[in-house]
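Reviewing the structure listed below.
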Amino acid sequence: MVAASSLFAVLAASGSTMAAAVLPRVETTDYVEEVLPCMEPSLNFEKWTITDFTYGWITTSTNPAHTFTNSDVKFKVTSDVLSAPIECSGHTTIPDFRGEQWFDCQGTISTNMKFSYDSESLMLSLSSGWMCNPKQFEHAGSVKIPLVCTASEQKTPNWTPESKEPFSIYRQDCKSPENFDVPSDTPHAGPLVFPETTSTSTIPSYPTSTTVDLSKAS
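For the sequence shown, the positions run -19 to -1, 1 to 199 when mature numbering (1 follows the signal peptide of the UniProt record, and there is no 0) is used.
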C-alpha cells in the first residue's frame, strides 16, 4: 500500500491534479480484544439482582364447561459476573407456578442459569454454574418478591354455543414494584494457590574424582 504522503508526492511530481482526492483511511490504533472480568468477580460473588419481574395468567372459557389457562413469569438477571443482563421466562398451563419445577434461562450456556418460582410463597430461586479457568464456580440463592397485581374479567353478553367469542376471559397481571437482590447461599470459594516456581534450579555437587591408596588396603 502506498502511504498518503508518498501518493501526494507522486501526484505533485507528475503534474496531475485531482478535484477531490479521497484517500483510504489509515488506522493507527492497535485494537486489543476485550477480556471480560471473570476470576476476580467470581471469587467475590455475593448476589444477583432481579429487575422487571412480572407474573400473570389468562384463563379463557370457550364455554361454561371448558376452560384453559396460560401462565407466564419473566424477569432479568444482572450481576458482576455477567457481561449483559440475562432474560429468564417460564410458562405453565395452570394458574400457579410450583417451586419444584425448574426452567432454563435462554442463551446462558456459559453460566447455566436456572430458576424456579413458587407463586404461592412468592419465592424465586436461582442456580448457576460457570467456569473461570482453572476453577469452577457454583452458586444458588432465593428471595421473596412482593407483587402488585391487577385483575380483570371480560364476559361475552348474551353468549350462546354458536357465539364466535369465548364465554369469558379472566386475566391477572402482577409485577414487582422494585428490584430485588438474590444473595448467594453458597460459601465463597477459597483463593487459588499456585505452586511457587523459580527461574533457576540448584544442581547438587558431586566429587569429580576419588583417589584410593591401595597400599593401605588390607
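All residues carry an ideal CB built from backbone N, CA and C; glycine is no exception.
Proximity to residue i [Cα-Cα], best of the options
i, options, result
"residue 122", "146, 113, 162", "162"
"residue 62", "112, 129, 147, 140", "112"
"residue 75", "68, 101, 117", "101"
"residue 141", "26, 45, 19", "45"
"residue 125", "66, 97, 51, 68", "97"
"residue 81", "70, 159, 105", "105"
"residue 33", "25, 67, 167", "67"
"residue 51", "77, 131, 91, 149", "77"
"residue 91", "65, 167, 99, 70", "65"
"residue 79", "99, 69, 70", "99"
Contact with chain C by residue i, beta-carbon distance below 8 Å
i, result
"residue 46", "Judged by its chain identifiers, the structure shown contains no chain C, having just a single protein chain."
Residue i in three-state terms, based on DSSP
i, result
"residue 164", "strand"
"residue 159", "coil"
"residue 211", "No statement about residue 211 is possible, as the shown extent of the chain runs from -19 to 199 and does not include it."
"residue 100", "coil"
"residue 153", "strand"
"residue 93", "coil"
"residue 148", "coil"
"residue 203", "Absent from the model: residue 203. The displayed extent of the chain is -19 to 199, so no value can be given."
"residue 132", "strand"
"residue 74", "coil"
"residue 119", "strand"
"residue 9", "Low per-residue confidence applies at residue 9: pLDDT is 38, beneath 50, and the placement is therefore not dependable enough to give any value."
"residue 44", "strand"
"residue 38", "strand"
Cβ neighbours of residue i in the same chain (closer than 7 Å, five flanking residues each side left out)
i, result
"residue 144", "137"
"residue 147", "41, 42, 43, 137"
"residue 22", "61, 62"
"residue 103", "125, 126, 127, 128"
"residue 20", "113"
DSSP bridge partner residues for residue i (one or two, in chain order)
i, result
"residue 87", "Per DSSP, none; premise fails for residue 87."
"residue 140", "Paired residues: none, contrary to the question."
"residue 33", "Bridge partners of residue 33: none, in fact."
"residue 81", "Looking at the DSSP assignment, residue 81 forms no beta bridge with any residue, so it has no partner."
Contact set for residue i: own chain, Cβ-Cβ below 6 Å, skip 5 residues either direction
i, result
"residue 110", "93, 119"
"residue 72", "53"
"residue 48", "40, 42"
"residue 158", "129"
"residue 134", "151"
"residue 131", "154"
Spatial neighbours of residue i in its chain, beta-carbon cut-off 8 Å, leaving aside the 5 residues before and after
i, result
"residue 200", "No information on residue 200 is available, as it lies outside the stretch -19 to 199 that the chain covers here."
"residue 28", "60, 122, 162, 163, 164, 165"
"residue 160", "30, 31, 32"
Check whether the region 27 to 41 touches the region 152 to 165, counting contact only when three or more Cβ pairs, one atom from each stretch, lie closer than 8 Å. Segments in contact, yes.
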